[in-house]
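Visitor: Take the sequence shown: its letter number 226 is residue 243 in the working numbering, and every next letter is one higher. Below is the structure I would like to discuss, written out as structure tokens.
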Amino acid sequence: MGALVIEWIVGILTVFAFLLGLFSAIIKWGQDDDLEEYYHDTVVKTVTKPGYLPEPKAEVPREIIVDTGQKVSPIRTYLKKKIAWIRGKKVPPVILVFGHYSEEERKAFLIEKAFASSVESQLLDLDFIESLIHYLAYRCVYENEEIEEKVRIIIRKYFEASKHRHCLIRLDSLEFSEKVIMNPPPVSRPLLTNVVLPMVREKEKRLIQNGTIIPEMERWKSLFMIIVKCMCSKKCLVIFVGFRDDPEYFDMLENGIKNFHHTGMHVIVTARGPNIKKMDRIIEACYLLEPSKPEEERLMACCESNYVIGFWEFSDEVRYTPCHWAIFSKIDSSFGTS
Numbered sequence: 018m019g020a021l022v023i024e025w026i027v028g029i030l031t032v033f034a035f036l037l038g039l040f041s042a043i044i045k046w047g048q049d050d051d052l053e054e055y056y057h058d059t060v061v062k063t064v065t066k067p068g069y070l071p072e073p074k075a076e077v078p079r080e081i082i083v084d085t086g087q088k089v090s091p092i093r094t095y096l097k098k099k100i101a102w103i104r105g106k107k108v109p110p111v112i113l114v115f116g117h118y119s120e121e122e123r124k125a126f127l128i129e130k131a132f133a134s135s136v137e138s139q140l141l142d143l144d145f146i147e148s149l150i151h152y153l154a155y156r157c158v159y160e161n162e163e164i165e166e167k168v169r170i171i172i173r174k175y176f177e178a179s180k181h182r183h184c185l186i187r188l189d190s191l192e193f194s195e196k197v198i199m200n201p202p203p204v205s206r207p208l209l210t211n212v213v214l215p216m217v218r219e220k221e222k223r224l225i226q227n228g229t230i231i232p233e234m235e236r237w238k239s240l241f242m243i244i245v246k247c248m249c250s251k252k253c254l255v256i257f258v259g260f261r262d263d264p265e266y267f268d269m270l271e272n273g274i275k276n277f278h279h280t281g282m283h284v285i286v287t288a289r290g291p292n293i294k295k296m297d298r299i300i301e302a303c304y305l306l307e308p309s310k311p312e313e314e315r316l317m318a319c320c321e322s323n324y325v326i327g328f329w330e331f332s333d334e335v336r337y338t339p340c341h342w343a344i345f346s347k348i349d350s351s352f353g354t355s
């Protein structure tokens with residue numbers, strides 16, 4: 018009789034534990050559902066507002082599957098994927114959100130994840146990319162009332178602790194950019210979205226398409242990170258080729274290269290659309306003029322040029338525009354000519 022009672026008690030406790038676990042799983046599933054709803058209704062709406070995503074605008078996933086690392090998470094993730102597949106919809110990406118995060122930390126994490134998809138790069142250091150994600154999220158949430166104050170505070174702390182925050186603030190400042198650009202174009206844009214990100218993205222596309230080996234990728238990464246740091250220190254000059262007469266650009270390029278006497282200087286010449294031919298003509302003419310000068314005055318001889326070619330779309334344009342960037346560096350730099 019006593020053994021039967023014990024079996025009953027064990028059975029009741031087992032059923033109770035199962036129900037308790039099921040109830041706990043339902044609650045956790047509900048919390049994950051809430052995070053997915055927050056991402057869809059608030060994060061995507063906020064992040065995709067004009068001006069927040071770097072151009073060209075990366076596709077931010079509209080739907081996600083949240084995985085908080087609980088025991089039941091694999092089952093939930095499998096069911097979510099299966100349901101999406103059965104309904105003929107694109108299977109949402111799975112975002113791992115650590116279960117020990119507070120609710121506000123989870124929301125802040127999802128906001129930064131939305132930006133991360135638009136700034137991935139093999140030609141920028143990981144700590145710079147991380148700082149860029151923190152910066153974009155920080156700039157975005159403080160200009161949108163939809164984001165809760167506690168979430169804003171967390172994102173601000175992330176940004177304040179990031180390694181390259183001061184550099185990014187400078188690169189995204191129109192006032193600072195005008196100090197680096199020798200001839201500001203009619204449409205003012207900061208260096209971050211007008212020079213840095215376009216060059217890096219387009220060069221990365223070309224390198225990947227050509228099956229470039231890792232050492233070559235690393236050399237380009239080294240060059241771009243040097244340029245970023247030089248820009249922040251005003252040791253990199255930018256020349257936009259536009260509608261001025263060729264002699265004016267000759268002088269700008271010559272004056273820029275003269276600054277190579279200062280340690281670590283770089284000059285970037287850039288043009289887009291119909292001005293590309295003009296830019297190439299100016300650079301070629303500069304090289305052709307060099308032999309006519311005395312040896313001690315030959316400026317182009319002391320530098321090497323590396324070209325970046327690609328397409329770039331700006332918010333005020335309706336289509337992609339071909340762009341060229343020519344990077345002039347000291348000939349004795351460790352980066353080989355490509």
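Glycine is no exception: its CB is placed at the ideal position from the N, C-alpha and C atoms. These figures come from a predicted structure and were not determined experimentally.
Select from Leu-141, Ile-164, Ile-92, Trp-102 the residue whose C-alpha is nearest the C-alpha of Arg-123.
Guide: For the residues Leu-141, Ile-164, Ile-92, Trp-102, the minimum Cα distance to Arg-123 belongs to Ile-164.
Visitor: With Thr-94 as the anchor, note down where its alpha helix (DSSP H) starts and where it stops.
Guide: Under the DSSP assignment, Thr-94 falls in the alpha helix (DSSP H) whose first and last residues are 90-103.
Visitor: Return helix, strand or coil for Glu-165, following the three-state DSSP convention.
Guide: coil
Visitor: According to DSSP, simplified to helix, strand and coil, what is Ala-75?
Guide: In the three-state DSSP reduction, Ala-75 falls in the coil class, being neither helix nor strand.
Visitor: Going by C-alpha to C-alpha distance, which of Glu-121, Ala-154, Phe-115, Gly-259 sits closest to Ser-134?
Guide: Ala-154
Visitor: Compute the Euclidean distance between the alpha carbons of Tyr-118 and Cys-340, then round it to the nearest angstrom.
Guide: 44 Å
Visitor: Since Val-217 is in the alpha helix (DSSP H), which residue starts that stretch and which ends it?
Guide: 214-226
Visitor: Thinking C-beta only, is Lys-180 closer than 8 Å to Ser-148?
Guide: Contact flag set, yes.
Visitor: What residue range does the beta strand (DSSP E) around Asn-272 cover?
Guide: Segment 263-275 is the alpha helix (DSSP H) holding Asn-272; no beta strand (DSSP E) there.
Visitor: Which full runs of the alpha helix (DSSP H) of 4+ residues lie inside the region 124-193, going along the chain?
Guide: 143-158, 166-177, 182-188
Visitor: When burial is assigned at 16 or more other CB atoms within 10 Å of the CB, is Gly-273 buried or exposed?
Guide: buried
Visitor: Going by beta carbon distance, what residues of the same chain come within less than 6 Å of Ala-125, once the five residues before and after it are set aside?
Guide: Val-168, Ile-171, Ile-172
Visitor: Measuring straight from C-alpha to C-alpha, what distance separates Ala-343 and Phe-115?
Guide: 44 Å
Visitor: For Phe-260, count the other beta carbons within 10 Å of its own beta carbon; 16 or more makes it buried, fewer makes it exposed. Which is it?
Guide: Exposed.
Visitor: Leu-185 to Arg-93, Cα distance in whole Å?
Guide: Taking the straight line from one Cα to the other gives about 39 Å.
Visitor: Quick check on Gly-327: buried or exposed, where buried means 16 or more other Cβ atoms within 10 Å of its Cβ?
Guide: Burial call: buried.
Visitor: Determine the extent of the beta strand (DSSP E) in which Cys-303 is found, giving its start and end residues.
Guide: Run containing Cys-303: none in the beta strand (DSSP E); it sits in the alpha helix (DSSP H), 292-306.
Visitor: Is the beta carbon of Glu-301 sitting closer than 8 Å to the one on Ala-318?
Guide: no
Visitor: Using a Cβ distance threshold of 8 Å, determine whether the region 244-263 contacts the region 186-201, with at least three qualifying pairs required.
Guide: A contact exists between the region 244-263 and the region 186-201.
Visitor: Name the one or two DSSP bridge partners that Thr-287 has.
Guide: Per DSSP, Phe-257, Trp-342.
Visitor: Near Cys-157, what residues of its chain come up, given a Cβ to Cβ distance below 7 Å and the 5 sequence neighbours on each side ignored?
Guide: Thr-63, Val-64, Tyr-69
Visitor: From the DSSP output, in three-state form, read off Tyr-337 for me.
Guide: coil
Visitor: In angstroms with no decimal places, state the Cα-to-Cα distance between Val-213 and Val-245.
Guide: 7 Å
Visitor: Taking DSSP's pairing of strands, which residues face Cys-249 in a bridge?
Guide: Per DSSP, none; premise fails for Cys-249.
Visitor: With C-beta atoms as the reference, is Trp-329 less than 8 Å away from Pro-215?
Guide: yes
Visitor: Between the Cα of Glu-437 and the Cα atoms of Gln-87, Asn-276, Pro-110, Leu-191, which residue gives the shortest distance?
Guide: This structure does not reach residue 437, given that the chain is present from 18 up to 355, and the question cannot be answered.
Visitor: What first and last residue would you give for the beta strand (DSSP E) that runs through Val-111?
Guide: 111-113
Visitor: Residues in its own chain within less than 8 Å of Cys-356 by CB, not counting five upstream and five downstream?
Guide: For residue 356 there is no data in the structure shown, the boundaries of the chain being 18 and 355.
Visitor: Whose C-alpha, out of Lys-294, Pro-67, Glu-129, Ile-81, is nearest the C-alpha of Glu-54?
Guide: For the options Lys-294, Pro-67, Glu-129, Ile-81, the alpha carbon positioned closest to that of Glu-54 is the one of Ile-81.
Visitor: Does Glu-160 pass the burial test, meaning 16 or more other C-beta atoms within 10 Å, or should it be called exposed?
Guide: exposed
Visitor: Below 8 Å CB to CB, which residues in the same chain sit around Lys-251 once its five sequence neighbours on both sides are set aside?
Guide: Lys-196, Val-197
Visitor: How is the beta strand (DSSP E) around Val-61 delimited, first residue to last?
Guide: Here Val-61 belongs to no beta strand (DSSP E); instead the alpha helix (DSSP H) covers 61-64.
Visitor: With the cut-off set at 8 Å, would you say Ile-230 and Tyr-266 are in Cβ contact?
Guide: Not a contact, by the Cβ cut-off of 8 Å.
Visitor: With a 10 Å radius around its C-beta and 16 neighbouring C-beta atoms as the bar for buried, classify Arg-218 as buried or exposed.
Guide: Classification for Arg-218: buried.
Visitor: Kindly indicate which three-state DSSP category Tyr-56 falls into: helix, strand or coil?
Guide: DSSP, read as helix, strand or coil, puts Tyr-56 in helix.
Visitor: Grab me the residues of Thr-210's own chain with a C-beta within less than 8 Å of its C-beta, minus the 5 sequence neighbours each way, in chain order.
Guide: So the list reads Pro-71, Glu-72, Asp-189, once near-sequence residues are dropped.
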